[in-house]
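Q: What follows is a single structure, and I will ask about it in a moment.
There are 2 protein chains.
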Amino acid sequence: MKKPTVRDIARHAGVSVATVSRVTKDDPKVAASTRDRVLASITELGYSPSALGRALAFQRFDALGLVLPGLSGPYFAELMSGAESVTLRVGSAVLVLGTHLRADSPKAVRQLAARTDALVVVGGTLGDAVLAELAGRMPVVVVAGAPDGLPTVRTDGTAAVRALVDHLVRQHGLRDLLFVGHDPGSPDTVARYTGFLDALAAAGLSERGAPVQVGLETVFGAMAARRLHAAGRMPRALVCANDEIAIGMLATLPGLGYRIPDDVVVVGFDDHALAANVSPTLTTVHQPVFELGVKAAELAMSAVGRDPLPADVWTLPTHVVLRESCGCPHPQEPEQVVP
Amino acid sequence: MKKPTVRDIARHAGVSVATVSRVTKDDPKVAASTRDRVLASITELGYSPSALGRALAFQRFDALGLVLPGLSGPYFAELMSGAESVTLRVGSAVLVLGTHLRADSPKAVRQLAARTDALVVVGGTLGDAVLAELAGRMPVVVVAGAPDGLPTVRTDGTAAVRALVDHLVRQHGLRDLLFVGHDPGSPDTVARYTGFLDALAAAGLSERGAPVQVGLETVFGAMAARRLHAAGRMPRALVCANDEIAIGMLATLPGLGYRIPDDVVVVGFDDHALAANVSPTLTTVHQPVFELGVKAAELAMSAVGRDPLPADVWTLPTHVVLRESCGCPHPQEPEQVVP
DNA sequence: GTGAAAGCGCTAACAA
DNA sequence: TTGTTAGCGCTTTCAC
Numbered sequence: 001m002k003k004p005t006v007r008d009i010a011r012h013a014g015v016s017v018a019t020v021s022r023v024t025k026d027d028p029k030v031a032a033s034t035r036d037r038v039l040a041s042i043t044e045l046g047y048s049p050s051a052l053g054r055a056l057a058f059q060r061f062d063a064l065g066l067v068l069p070g071l072s073g074p075y076f077a078e079l080m081s082g083a084e085s086v087t088l089r090v091g092s093a094v095l096v097l098g099t100h101l102r103a104d105s106p107k108a109v110r111q112l113a114a115r116t117d118a119l120v121v122v123g124g125t126l127g128d129a130v131l132a133e134l135a136g137r138m139p140v141v142v143v144a145g146a147p148d149g150l151p152t153v154r155t156d157g158t159a160a161v162r163a164l165v166d167h168l169v170r171q172h173g174l175r176d177l178l179f180v181g182h183d184p185g186s187p188d189t190v191a192r193y194t195g196f197l198d199a200l201a202a203a204g205l206s207e208r209g210a211p212v213q214v215g216l217e218t219v220f221g222a223m224a225a226r227r228l229h230a231a232g233r234m235p236r237a238l239v240c241a242n243d244e245i246a247i248g249m250l251a252t253l254p255g256l257g258y259r260i261p262d263d264v265v266v267v268g269f270d271d272h273a274l275a276a277n278v279s280p281t282l283t284t285v286h287q288p289v290f291e292l293g294v295k296a297a298e299l300a301m302s303a304v305g306r307d308p309l310p311a312d313v314w315t316l317p318t319h320v321v322l323r324e325s326c327g328c329p330h331p332q333e334p335e336q337v338v339p
Numbered sequence: 001m002k003k004p005t006v007r008d009i010a011r012h013a014g015v016s017v018a019t020v021s022r023v024t025k026d027d028p029k030v031a032a033s034t035r036d037r038v039l040a041s042i043t044e045l046g047y048s049p050s051a052l053g054r055a056l057a058f059q060r061f062d063a064l065g066l067v068l069p070g071l072s073g074p075y076f077a078e079l080m081s082g083a084e085s086v087t088l089r090v091g092s093a094v095l096v097l098g099t100h101l102r103a104d105s106p107k108a109v110r111q112l113a114a115r116t117d118a119l120v121v122v123g124g125t126l127g128d129a130v131l132a133e134l135a136g137r138m139p140v141v142v143v144a145g146a147p148d149g150l151p152t153v154r155t156d157g158t159a160a161v162r163a164l165v166d167h168l169v170r171q172h173g174l175r176d177l178l179f180v181g182h183d184p185g186s187p188d189t190v191a192r193y194t195g196f197l198d199a200l201a202a203a204g205l206s207e208r209g210a211p212v213q214v215g216l217e218t219v220f221g222a223m224a225a226r227r228l229h230a231a232g233r234m235p236r237a238l239v240c241a242n243d244e245i246a247i248g249m250l251a252t253l254p255g256l257g258y259r260i261p262d263d264v265v266v267v268g269f270d271d272h273a274l275a276a277n278v279s280p281t282l283t284t285v286h287q288p289v290f291e292l293g294v295k296a297a298e299l300a301m302s303a304v305g306r307d308p309l310p311a312d313v314w315t316l317p318t319h320v321v322l323r324e325s326c327g328c329p330h331p332q333e334p335e336q337v338v339p
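Protein chains in written order, with our numbering: chain A, 1 to 339; chain B, 1 to 339.
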C-alpha cells in the first residue's frame, strides 16, 4: 500500500510525468481530454503530490521556524496564531521551538533552521552569535527584541509603561510604586522597567524597592503577592511586567485581605483577554501581539529566496487601557467576547 | 553565495560523495586521514547537510504533526512541550496546527500531514472521516478523545470528576451544583460532565440546571460568573470543566460579593500551576498533561515506517487535589514552584 | 499539446 | 577503505 507517485499516475493515465506535473499545477496548456484522464487516475489511485519532492525541486521547505522562550502563556499563543495565519494563507507551515532557556538550544535551533526557509525569533531567546550565524544563512526577523542589526518587529514598551505610570502618579497621586516581573534576560521586560523608572524620575519619585524578579506567568504573580505580604513590604501600587502576573495578583491579594484598588493598585501589560473580565477589571497596556506575529512572519517569508531584509525596526502601536484596578471608574460594559 | 552540497565537498576534498556522506554520519569505516580532509573541507566551505535531501532519500520528514483545537491555554502548551521533548530527543521537529474550529481545517490538516511522518490529534478537532483517511496514510494517535478505532492516550475524566463531585456531596454536604464549561464537541468535556452527572445520580441529586456552555478559557469563566450573578442563578457549587474557567471565577466572584467557599464552592480540572497559588487555593483534579504529550508523541513516532499501531487505549492516572476552594482546610504550604 | 531527460541533495547497494 | 551509480518525487527546459 505505497503512496502513488507522479510516475504511477503517468503510467496509469498513459501520459508522461511532465504532463501529470502540469495538471497538478493547473498549467493551461494541457488538452482538456488528457487533463481529465490524468485527473481521473489521480483520484482513482488517491495521489497527492509529495511535499518533499516538491520542496527538493523548488529548493525550499515552505516552512517558517518560530523560536520562543517557552510555549505557555497567551502571549506566545497569540504570536503563534499570528504567524500561523500567514503561513496558512500561503500554504506553508510553522515549526515551533520553545527554547526554555535550555543550554543546548543553539543545537535545537540549528536543527530547526535546517528545515525551514526563514526564522522568527523572540528577543532574548538566543545569543547574538547564534543569531548572527543564522542570519547569514537565511532571513531572520526578531520579535520584541533590542534592535541589533536584524530586522525587528516590536512595540515601544518603554513609552507605554511611561504613559501608564504617569497616569498612576498624576491622576491617582500614587507615590509608592513597585515593579514586579523584572527579567534582565528579556529585552521586552527591560524596556517596560525602563519606562517605569523614566516616569518615576520625571515625577521626582524613586521606586519603592528593587523590582521583584519573578517569571512572567500567572503563578509567579500569585507567589510574589504572598511573598510581599509575608515580608510586610506591600506597596501602594504594583506595576506588573505583564497581565499574567497582574492577574495572579488579582486572584491572590483579596484572599490576603487587600482591597483593589483601595489598598493596592495593580496594573499589567498586554491586554490579555481576561483583563476586561476579571473583577476589578484590569488597567493595562494594549499590545497587538497577533499583529506582531503576522508582521514578523510576513517579513520573514517575503525575504525567502530574495535579497536579505534591511535591518529596519517596525514599531507597532500600543495604547493604555484604563479600567478599575488603578482606581478609575469602570468606563463601560465589560468588553464583548464572543464565546 | 550558494549553500555547498555533498558534491562540492567531495570535489574540494578530492573524494567521492559517498565518502562525504559516510563522514557526516560517523561511519567508522573511513580512514582517519580522509576523514580529516573531508572535515576540513566541510568547515572551510561551511557545509551542513540538507535536511531535505536526507528526508527525500530516507523517505521521511523527521517531523511530527500536532493538531490542536487552539493554541492558547496551559493545557495545549503542556501538551506541546511534552511532544517537543520527545522529538527533540530524537532530532526531529514538531509542526503545530491550531484548527480553531475553522471550516477549512481538513485542508490545513492535509497540508500538515503531507510534511510529517506521524500525527498526534487532540480529540474533537477533526471529523471521524478525515481522521480515518489520515490514519490510512500514516500513524495517528488521538489524545483525549473518545476511543474509536485509533490508538488513544487519555485520562479518565469521568471517573475523576465523579470522585471530585462525590467529595463535594459527601464531605461538604453540597446539594446545589452546576456544571460550567460544557462543550458537546469536546470528548474531554463530555467525559467530565458525564462524571458530574454520575456522581449526582449516585447521591440521588439532580443538577441545578443545564450546564453552562462556555469556552474553556479563563475569560469565559469570568463571563459566566457575571452572567450567573446577573441572572440570579448562582448555585452553591460550581464544577468547572477546567482550571482556567475556575480561575476566571475566582478572579471575578469576590468582586461581585461572593465569598469562596462560604457562599460558592468552586472546583476545577487540570491542576494548573496557578491552582495551588490563587487565593483561595483551588480544589481540582491533577492530570498529567505533559506526559500525555510525551506518550502520544512516542507512540506516534514509534510507528513510523512500521506496522500500524494497535488501537489500544492508554489511560494515564489522575488524582483529586483537595484545597481550599471546596471548603477543605488548606492542607499545607502552597506547592513550591521554582521560579 | 506532449514527452524525454536532467537535476534538486542525499543515501545505499554494489564494485573495485 | 573508497568510488560508482541508481534512485527518492517532483519540476522544468528543450525537443518534437
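Glycine is no exception: its CB is placed at the ideal position from the N, C-alpha and C atoms.
Pick out the complete alpha helix (DSSP H) segments inside the region 20-83 of chain A, 4 residues or longer, and give them in chain order.
A: 32-45 and 51-58
Q: Taking only beta carbons into account, state which residues of the region 236-250 of chain A come closer than 8 Å to chain B, listed in chain order.
A: I247, G248 and L250
Q: Taking its Cβ as the centre, do 16 or more other Cβ atoms sit within 10 Å of Q171 (chain A), making it buried, or is it exposed?
A: For the purposes of this step, residue 171 (chain A) is taken as the residue at position 171 of the first sequence. Answer is exposed; the Cβ neighbour count stays below 16.
Q: Closer than 7 Å by beta-carbon distance: list the chain B residues that pair up with P74 (chain A), in chain order.
A: For the purposes of this step, residue 74 (chain A) is taken as the residue at position 74 of the first sequence. Those are S72, listed as they occur along chain B.
Q: Give the residues from the region 107-122 of chain B that approach chain A closer than 7 Å (Cβ to any Cβ), ordered along the chain.
A: A108, Q111, L112, A114 and R115
Q: Is it true that the CB of T283 (chain A) sits closer than 9 Å to the CB of V313 (chain A)?
A: One-based indexing of the first sequence puts residue 313 (chain A) at position 313. One-based indexing of the first sequence puts residue 283 (chain A) at position 283. Cβ atoms of V313 (chain A) and T283 (chain A): not closer than 9 Å.
Q: With H172 (chain A) as the anchor, note down where its alpha helix (DSSP H) starts and where it stops.
A: Against the first sequence, residue 172 (chain A) aligns to sequence position 172. G157 to H172 is the extent of the alpha helix (DSSP H) around H172 (chain A).
Q: So is A144 (chain B) buried or exposed if we call it buried at 16+ other beta carbons inside 10 Å?
A: What you label residue 144 (chain B) is simply residue 144 of the second sequence in a count that begins at 1. Buried: at least 16 other Cβ atoms inside 10 Å.
Q: Counting beta carbon pairs with one atom in the region 126-146 of chain A and one in the region 201-221 of chain A, are three or more of them shorter than 8 Å?
A: Verdict: no, contact absent.
Q: Mind checking whether L119 (chain B) and V94 (chain B) have CB atoms under 9 Å apart?
A: Counting from 1 along the second sequence, the entry for residue 119 (chain B) is found at position 119. Counting from 1 along the second sequence, the entry for residue 94 (chain B) is found at position 94. No, these two residues do not count as a Cβ contact at 9 Å.
Q: Tell me, which residues are paired with V266 (chain A) by DSSP?
A: Locating residue 266 (chain A) in the first sequence gives position 266, counting from the first residue. Answer is A:L238, bridged to V266 (chain A).
Q: Let's test the definition: count the other Cβ atoms within 10 Å of the Cβ of G305 (chain A) and tell me whether it reaches 16, buried, or not, exposed.
A: For the purposes of this step, residue 305 (chain A) is taken as residue 305 along the first sequence, with counting starting at 1. Under this definition G305 (chain A) is an exposed residue.
Q: Within the continuous beta strand (DSSP E) that includes V142 (chain B), where are the two ends?
A: Position 142 of the second sequence, counting from 1, holds the residue named residue 142 (chain B). Here the beta strand (DSSP E) through V142 (chain B) covers V140 to V143.
Q: In this structure, how does DSSP classify R102 (chain B) when only helix, strand and coil are distinguished?
A: Counted from its first residue, the second sequence places residue 102 (chain B) at position 102. It is coil, neither helix nor strand.
Q: With distances taken Cα to Cα, identify the nearest neighbour of F269 (chain A) among A:S279, A:V285, A:N277 and A:P280.
A: Here residue 269 (chain A) is taken as the residue at index 269 of the first sequence, counted from 1. Ranking the options by Cα distance to F269 (chain A), first place goes to A:V285.
Q: May I ask you to list, following chain order, the residues of the region 78-98 of chain A that have a beta carbon less than 8 Å from some beta carbon of chain B?
A: E78, M80, S81, E84, L88, G91, A93, V94, L95, V96, L97 and G98
Q: So which of A:V266, A:K3 and A:A132 has the shortest CA-CA distance to G181 (chain A)?
A: By 1-based counting over the first sequence, the position of residue 181 (chain A) is 181. Closest by alpha carbon: A:V266.
Q: Between the beta-carbon of Q81 (chain A) and the beta-carbon of A114 (chain B), is there less than 9 Å?
A: To locate residue 81 (chain A), count along the first sequence from 1; it is residue 81. To locate residue 114 (chain B), count along the second sequence from 1; it is residue 114. What sits at residue 81 (chain A) in the sequence shown is Ser, not Gln. Against a cut-off of 9 Å, the Cβ pair of A114 (chain B) and S81 (chain A) comes out as no contact.
Q: I'd like the list of long-range same chain contacts for D176 (chain A), defined as Cβ closer than 6 Å, with 5 residues on each side in sequence excluded.
A: As a first step, residue 176 (chain A) is located in the first sequence; it is residue number 176 there, counting from the start. Excluding sequence neighbours, D176 (chain A) sits near R208, P235 and R236.
Q: Drop a sphere of 10 angstroms on the beta-carbon of S33 (chain B), count the other beta-carbons inside from all chains shown, and report buried for 16 or more, exposed for fewer.
A: As a first step, residue 33 (chain B) is located in the second sequence; it is residue number 33 there, counting from the start. Under this definition S33 (chain B) is an exposed residue.
Q: Relative to the C-alpha of D156 (chain A), which residue among A:G149, A:D166 and A:D188 is closest?
A: In the first sequence, counting from the first residue as 1, residue 156 (chain A) sits at position 156. Comparing Cα positions, the closest option is A:D188.
Q: Any Cβ of chain B within less than 9 Å of the Cβ of G340 (chain A)?
A: Since the first and last residues shown for chain A are 1 and 339, residue 340 (chain A) lies out of range.
Q: Can you name the residues of chain A whose CB is closer than 9 Å to the CB of V321 (chain B)?
A: Within the second sequence, numbered from 1, the residue matching residue 321 (chain B) stands at position 321. The contacting residues do not exist; V321 (chain B) stays about 15 Å from chain A at best.
Q: On the DSSP bridge list, what partners appear for A179 (chain A)?
A: As a first step, residue 179 (chain A) is located in the first sequence; it is residue number 179 there, counting from the start. In the sequence on display, residue 179 (chain A) carries Phe and not Ala. DSSP lists A:V239 as partners of F179 (chain A).
Q: Whole-angstrom Cβ separation of V153 (chain A) and L126 (chain A), contact assumed at under 8 Å?
A: Here residue 153 (chain A) is taken as the residue at index 153 of the first sequence, counted from 1. Here residue 126 (chain A) is taken as the residue at index 126 of the first sequence, counted from 1. No, V153 (chain A) and L126 (chain A) are not in contact; Cβ-Cβ is about 16 Å, not under 8 Å.
Q: Below 9 Å on C-beta distance, what does T194 (chain B) contact in chain A?
A: On the second sequence, residue 194 (chain B) is found 194 positions in, with the first residue counted as 1. Contact of T194 (chain B) with chain A by beta-carbon distance below 9 Å is absent, the smallest such distance being about 22 Å.
Q: Determine the chain A residues that contact A51 (chain B) at a beta-carbon separation under 7 Å, and present them in chain order.
A: Here residue 51 (chain B) refers to the residue found at position 51 when the second sequence is read from its first residue. Simply A114 and R115.
Q: When you compare only the Cα positions, how much space is there between P310 (chain A) and G149 (chain A)?
A: Along the first sequence, one-based indexing puts residue 310 (chain A) at 310. Along the first sequence, one-based indexing puts residue 149 (chain A) at 149. Going by the C-alpha atoms only, they are around 9 Å apart.
Q: Apply the 10 Å Cβ neighbour rule to V90 (chain A) and answer buried if 16 or more other Cβ atoms are within range, or exposed otherwise.
A: Residue mapping note: residue 90 (chain A) aligns to position 90 of the first sequence, counting from 1. So V90 (chain A) counts as exposed.
Q: In terms of residue numbering, what span does the alpha helix (DSSP H) encompassing T341 (chain B) cover?
A: For residue 341 (chain B) there is no data in the structure shown, the boundaries of chain B being 1 and 339.
Q: Determine whether the Cβ of A222 (chain A) lies closer than 9 Å to any Cβ atom of chain B.
A: Counting from 1 along the first sequence, the entry for residue 222 (chain A) is found at position 222. A222 (chain A) has a beta carbon lying within less than 9 Å of a beta carbon in chain B.
Q: If you run the structure through DSSP and keep just helix, strand and coil, what is T315 (chain B)?
A: Translated into positions along the second sequence, residue 315 (chain B) becomes position 315. In the three-state reduction of the DSSP assignment, T315 (chain B) falls in the strand class.
Q: From the beta carbon of P69 (chain A), is the nearest beta carbon of chain B less than 9 Å away?
A: Counting from one through the first sequence, the residue named residue 69 (chain A) turns up at place 69. Closer than 9 Å: no.
Q: Using a 10 Å radius around the Cβ and a threshold of 16 neighbouring Cβ atoms, would you call R7 (chain A) buried or exposed?
A: As a first step, residue 7 (chain A) must be located in the first sequence, where it is residue number 7. Exposed, by the Cβ-count rule.
Q: Return the chain-ordered list of same chain residues with a C-beta closer than 6 Å to the C-beta of P106 (chain A), the five sequence neighbours on each side being excluded.
A: As a first step, residue 106 (chain A) is located in the first sequence; it is residue number 106 there, counting from the start. Cβ neighbours of P106 (chain A) beyond the five flanking positions: V130.
Q: Hey, T24 (chain B) and A10 (chain B): beta-carbon distance below 9 Å or not?
A: Here residue 24 (chain B) refers to the residue found at position 24 of the second sequence. Here residue 10 (chain B) refers to the residue found at position 10 of the second sequence. In this structure, A10 (chain B) does not lie closer than 9 Å to T24 (chain B) by Cβ.
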